[in-house]
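Undergrad:
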Amino acid sequence: NYLPNHHAPKILITSGASCPDAVVEAVIEKLLQFYETEISINAVAAQFA
(Lines of atoms letter the chains of each structure in order from A and count residues from 1; the text may use other names and numbers.)
(Lines give C-alpha, C1' and ligand atoms only; values in the text may rest on other atoms or scores of the structure.)
Protein backbone atom coordinates (compact mmCIF):
# COMPACT_ATOMS: atom_id res chain seq x y z
CA ASN A 1 0.00 0.00 0.00
CA TYR A 2 1.84 3.08 -1.21
CA LEU A 3 -1.01 5.61 -1.30
CA PRO A 4 -1.19 7.96 1.69
CA ASN A 5 -4.03 7.24 4.12
CA HIS A 6 -4.67 10.71 5.50
CA HIS A 7 -5.08 12.84 2.40
CA ALA A 8 -5.72 12.31 -1.27
CA PRO A 9 -2.52 12.66 -3.30
CA LYS A 10 -2.20 14.56 -6.55
CA ILE A 11 -2.02 11.99 -9.33
CA LEU A 12 -1.31 12.83 -12.96
CA ILE A 13 -3.06 10.63 -15.50
CA THR A 14 -2.20 10.77 -19.16
CA SER A 15 -3.56 8.81 -22.07
CA GLY A 16 -2.98 8.59 -25.76
CA ALA A 17 -5.29 8.29 -28.73
CA SER A 18 -5.38 4.50 -28.41
CA CYS A 19 -6.64 4.63 -24.80
CA PRO A 20 -10.45 4.76 -24.62
CA ASP A 21 -11.99 7.47 -22.46
CA ALA A 22 -13.93 4.77 -20.58
CA VAL A 23 -10.66 3.23 -19.38
CA VAL A 24 -9.38 6.57 -18.10
CA GLU A 25 -12.72 7.21 -16.39
CA ALA A 26 -12.62 3.77 -14.73
CA VAL A 27 -9.13 4.46 -13.37
CA ILE A 28 -10.23 7.82 -11.92
CA GLU A 29 -13.32 6.24 -10.36
CA LYS A 30 -11.17 3.53 -8.78
CA LEU A 31 -8.77 6.10 -7.34
CA LEU A 32 -11.69 8.07 -5.88
CA GLN A 33 -12.86 4.90 -4.09
CA PHE A 34 -9.68 4.79 -2.01
CA TYR A 35 -10.63 7.99 -0.19
CA GLU A 36 -13.78 9.11 1.59
CA THR A 37 -14.92 11.94 -0.62
CA GLU A 38 -18.18 13.34 -1.89
CA ILE A 39 -16.65 14.53 -5.16
CA SER A 40 -18.02 12.93 -8.32
CA ILE A 41 -16.23 12.00 -11.52
CA ASN A 42 -18.00 14.91 -13.22
CA ALA A 43 -16.71 17.36 -10.61
CA VAL A 44 -13.17 16.06 -11.12
CA ALA A 45 -13.46 16.40 -14.90
CA ALA A 46 -14.90 19.91 -14.63
CA GLN A 47 -11.70 21.10 -12.93
CA PHE A 48 -9.83 20.46 -16.19
CA ALA A 49 -12.40 21.66 -18.72
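Residue numbering for the sequence shown follows the numbering used here, beginning at -6 and increasing consecutively.
Just so you know, even glycine gets a beta-carbon here, dropped at the ideal spot from N, CA and C.
Output needed for L(-4): all residues of its chain with C-beta closer than 7 Å, excluding positions within five of it in sequence on either side, in chain order.
TA: P2, F27
Undergrad: Using only CA atoms, which one of A39, I34, A42, T30 lies nearest to A15?
TA: I34
Undergrad: Below 7 Å, is the gap between the Cβ of Y(-5) and the nearest heavy atom of the ligand SAM?
TA: Absence of the ligand SAM is noted for the structure shown, with no ligands found whatsoever.
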